[in-house]
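Asks:
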């Protein structure tokens with residue numbers, strides 16, 4: 021760097037420092053404050069300013085790591101008066117954990133902090149709203165994580181200007197669903213005890229503002245070693261059902277499913293009547309650890325994956341695993357819901373026409389990273405699937421989606437016949 025350049029840099033640095041030090045009525049800004057995000061505009065900016073004024077310092081806004089709500093600002097009706105309130109996730113210099121503050125507008129339309137509580141750890145994993153209690157108020161459900169990988173679930177209610185922490189539970193997974201059919205949502209909390217056993221609790225709000233608890237049985241100790249996932253959804257003829265995916269098998273790495281329904285008379289979760297527990301276990305037993313039950317097509321029904329008889333693996337020498345999968349709704353008299361191809365390596369599912377179920381053979385294609393779906397005698401080609409680079413623009417292929425930085429494409433074969441007018445190859449790709 022020459023002398024002139026060094027001199028210019030020094031002048032600029034001095035001017036910057038002078039500008040920072042010379043702001044009227046303020047102290048010299050710290051490095052931390054210089055690195056803060058700029059002040060927000062509109063309601064969010066006014067909410068942040070009101071919080072800073074109430075604290076007497078600049079709050080550090082904290083963002084959830086996962087979930088649908090990824091903002092530190094939570095807007096909802098927290099006291100049920102029909103007027104929107106605000107809540108903020110933040111940290112302050114004198115508090116080690118994340119805090120939650122609730123603000124409301126005063127008669128002049130200015131935001132004012134009403135109350136604040138300290139959370140359970142210094143990191144928020146997820147946050148969402150729930151209607152767990154009678155009335156029109158939103159409760160705030162926060163999942164906290166700690167450096168030791170422990171997670172804690174907290175539920176906050178706001179009434180008469182005060183925040184109440186009405187629940188605090190350790191958890192591995194949780195669901196917010198109307199399991200009991202009351203019209204209000206319930207909490208399903210999955211946790212692992214000190215001995216490594218899974219515990220599943222159904223927590224329903226009572227009239228005193230707390231929760232009554234019901235144990236969720238179904239994963240028998242002689243068959244399952246733990247719970248892998250929870251999923252809840254509507255049944256084919258109404259009513260709410262719960263699907264538990266449990267670890268099973270000699271190695272404990274296989275999955276099988278349990279289907280439960282809430283019994284209002286006993287106030288317990290019981291096995292559904294549509295299919296016996298033994299029959300469901302045998303049908304849903306699968307050797308793909310990530311293949312959990314889910315609402316695949318987002319129609320409110322939880323589909324349970326099964327591996328059809330005769331489904332096979334290909335490319336075993338290369339370690340690439342692909343298989344046919346049949347997703348079932350066992351609350352229906354016609355349980356077959358979706359049939360298709362699972363790529364275990366990349367974690368995607370390609371739905372195929374149901375009319376192809378039972379007539380296909382899965383083979384390697386002639387080109388690298390291609391597979392073919394043929395008739396079981398190998399003579400008829402129905403579909404070719406390939407995985408290529410993102411820059412591939414070869415004509416004649418239908419783009420399905422991108423997974424793990426690879427482009428997945430497919431092409432119908434000359435013998436493909438479709439009787440289902442609603443099937444669209446371009447809308448049949450799911451990342452699991």
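Residue numbers (this note's numbering): 21 to 452. Note that CB positions come from ideal geometry on N, CA and C, so glycine has one too. All values derive from a computational prediction rather than experimental measurement.
My assumption, with CB atoms under 8 Å, is that residue 252 sits in contact with residue 173. Please give the rounded CB distance.
Replies: By one-based count along the chain shown, residue 252 stands at place 232. By one-based count along the chain shown, residue 173 stands at place 153. Not a contact, Cβ separation roughly 16 Å.
Asks: If you draw a straight line from the alpha carbon of residue 388 to that of residue 444, how long is it in whole angstroms?
Replies: Reading the chain shown from its first residue, position 368 is the one you call residue 388. Reading the chain shown from its first residue, position 424 is the one you call residue 444. Using only the alpha carbons, I get a separation of about 26 Å.
Asks: Quick check: the Cα distance between residue 167 and residue 395, rounded to an integer number of angstroms?
Replies: If you number the chain shown from 1, residue 167 lands on position 147. If you number the chain shown from 1, residue 395 lands on position 375. Their Cα atoms are separated by approximately 53 Å.
Asks: At the level of alpha carbons, what is the spacing between residue 145 and residue 184?
Replies: As a position in the chain shown, residue 145 is number 125, starting the count at 1. As a position in the chain shown, residue 184 is number 164, starting the count at 1. Taking the straight line from one Cα to the other gives about 20 Å.
Asks: Taking all protein chains shown into account, decide if residue 345 is buried (16 or more other Cβ within 10 angstroms of its Cβ) or exposed.
Replies: Residue mapping note: residue 345 aligns to position 325 of the chain shown, counting from 1. So residue 345 counts as buried.
Asks: Our contact map puts residue 268 next to residue 275 with C-beta atoms below 8 Å; I'd like the distance itself, whole angstroms only.
Replies: One-based indexing of the chain shown puts residue 268 at position 248. One-based indexing of the chain shown puts residue 275 at position 255. Indeed they touch by this definition, with Cβ atoms about 7 Å apart.
Asks: Go ahead and pull the three-state DSSP assignment for residue 431.
Replies: Here residue 431 refers to the residue found at position 411 of the chain shown. In the structure shown, residue 431 sits in a strand (DSSP, three-state: E or B).
Asks: Buried or exposed for residue 244, please, with buried defined as at least 16 other CB atoms from any protein chain shown within 10 angstroms of its CB.
Replies: On the chain shown, position 224 is the one that residue 244 refers to. Label assigned to residue 244: buried.
Asks: How big is the Cα-Cα spacing for residue 99 and residue 424?
Replies: Counting from 1 along the chain shown, the entry for residue 99 is found at position 79. Counting from 1 along the chain shown, the entry for residue 424 is found at position 404. If I take the Cα positions, the gap works out to 44 Å.
Asks: Among 213, 222, 317, 218, which residue has its Cα nearest to the Cα of residue 206?
Replies: Here residue 206 refers to the residue found at position 186 of the chain shown. Nearest of 213, 222, 317, 218 to residue 206, Cα basis: 222.
Asks: By the DSSP assignment, the beta strand (DSSP E) with residue 189 in it spans what residues?
Replies: In the chain shown, counting from the first residue as 1, residue 189 sits at position 169. That run of the beta strand (DSSP E) goes 182-190.
Asks: What whole-angstrom Cβ distance do residue 366 and residue 450 have, given they're in contact under 8 Å?
Replies: Taking the chain shown and counting its residues from 1, one reaches residue 366 at position 346. Taking the chain shown and counting its residues from 1, one reaches residue 450 at position 430. Their Cβ separation, rounded to whole angstroms, is 12 Å, which puts residue 366 and residue 450 out of contact at 8 Å.
Asks: Could you say which of 90, 283, 452 lies nearest to residue 364 if we only look at CA atoms?
Replies: Working through the chain shown from its first residue, we reach residue 364 at position 344. Checking every option, the nearest Cα to that of residue 364 belongs to 452.
Asks: Could you check what DSSP says for residue 299 in three-state terms: helix, strand or coil?
Replies: In the chain shown, the residue the question calls residue 299 occupies position 279. Residue 299: helix per DSSP, three-state reduction.
Asks: Tell me which residue opens and which closes the beta strand (DSSP E) that residue 368 is part of.
Replies: Locating residue 368 in the chain shown gives position 348, where the first residue counts as 1. From DSSP, the beta strand (DSSP E) with residue 368 extends over 368-372.
Asks: Could you tell me the alpha carbon to alpha carbon distance between residue 76 and residue 66, rounded to whole angstroms?
Replies: As a working note, residue 76 is residue 56 in the chain shown. As a working note, residue 66 is residue 46 in the chain shown. Their Cα atoms are separated by approximately 15 Å.
Asks: How would you write the range of the beta strand (DSSP E) that residue 267 sits in, first residue to last?
Replies: Against the chain shown, residue 267 aligns to sequence position 247. Where residue 267 is concerned, the enclosing beta strand (DSSP E) stretches over 260-268.
Asks: Between the alpha carbons of residue 242 and residue 301, how many angstroms are there, rounded?
Replies: In the chain shown, counting from the first residue as 1, residue 242 sits at position 222. In the chain shown, counting from the first residue as 1, residue 301 sits at position 281. Computed Cα separation, rounded: 13 Å.
Asks: From the DSSP output, in three-state form, read off residue 64 for me.
Replies: Start at 1 with the first residue of the chain shown, and residue 64 comes out as number 44. DSSP places residue 64 in helix when its eight states are reduced to three.
Asks: Does the separation of the CB atoms of residue 429 and residue 408 fall below 8 Å?
Replies: Here residue 429 is taken as the residue at index 409 of the chain shown, counted from 1. Here residue 408 is taken as the residue at index 388 of the chain shown, counted from 1. Using a Cβ distance threshold of 8 Å, residue 429 and residue 408 count as a contacting pair.
Asks: If you check the beta carbons only, do residue 4 and residue 117 fall under 8 Å apart?
Replies: The structure shown does not extend to residue 4, since the chain spans only 21 to 452, so no value can be given for it.
Asks: Considering Cα atoms alone, identify which of 360, 284, 369, 323 is closest to residue 350.
Replies: Looking up residue 350 in the chain shown gives position 330. Among 360, 284, 369, 323, the Cα nearest to that of residue 350 belongs to 323.
Asks: When the Cα of residue 400 is compared with those of 413, 406, 78, 382, which residue comes out closest?
Replies: Within the chain shown, the letter at position 380 stands for residue 400. Out of 413, 406, 78, 382, 382 has the C-alpha closest to the C-alpha of residue 400.
Asks: Can you tell me whether DSSP reads residue 151 as helix, strand or coil?
Replies: Here residue 151 refers to the residue found at position 131 of the chain shown. Correct three-state label for residue 151: coil.
Asks: Hey, which unbroken runs of the beta strand (DSSP E) at 3 residues or more fall wholly within the stretch 366-419?
Replies: Entirely contained in the stretch 366-419, the beta strand (DSSP E) runs reaching 3 residues are, in chain order, 368-372, 380-384, 390-395, 401-408.
Asks: For residue 96 versus residue 180, is the C-beta distance shorter than 8 Å?
Replies: Taking the first residue of the chain shown as position 1, residue 96 is located at position 76. Taking the first residue of the chain shown as position 1, residue 180 is located at position 160. With contacts defined as CB atoms closer than 8 Å, residue 96 and residue 180 fail to qualify as a contacting pair.
Asks: Based on the DSSP secondary-structure assignment, which residues constitute the bridge partners of residue 356?
Replies: Locating residue 356 in the chain shown gives position 336, where the first residue counts as 1. According to DSSP, which records beta bridges pairwise, residue 356 is partnered with 348.
Asks: Taking C-beta to C-beta, are residue 292 and residue 279 nearer than 8 Å?
Replies: What you label residue 292 is simply residue 272 of the chain shown in a count that begins at 1. What you label residue 279 is simply residue 259 of the chain shown in a count that begins at 1. Yes, the Cβ-Cβ distance between residue 292 and residue 279 is below 8 Å.
Asks: How big is the Cα-Cα spacing for residue 421 and residue 342?
Replies: Sequence index remark: in the chain shown, residue 421 carries index 401 (1-based). Sequence index remark: in the chain shown, residue 342 carries index 322 (1-based). Residue 421 and residue 342: Cα-Cα distance of roughly 17 Å.
Asks: If I measure Cβ to Cβ from residue 369 and keep anything under 6 Å in the same chain, skipping five residues before and after, which residues do I get?
Replies: The count along the chain shown starts at 1 and reaches residue 369 at position 349. Correct list, in chain order: 360, 362, 450, 452.
Asks: Can you give the Cα-Cα distance for residue 353 and residue 255, rounded to whole angstroms?
Replies: Locating residue 353 in the chain shown gives position 333, where the first residue counts as 1. Locating residue 255 in the chain shown gives position 235, where the first residue counts as 1. Rounded to the nearest angstrom, the two C-alpha atoms are 11 Å apart.
Asks: How close, in whole Å, do the beta carbons of residue 121 and residue 103 come, if the pair is a contact with beta carbons under 8 Å?
Replies: For the purposes of this step, residue 121 is identified with residue 101 of the chain shown, where counting begins at 1. For the purposes of this step, residue 103 is identified with residue 83 of the chain shown, where counting begins at 1. Going by Cβ atoms, the distance from residue 121 to residue 103 rounds to 17 Å, so no, they are not a contact pair.
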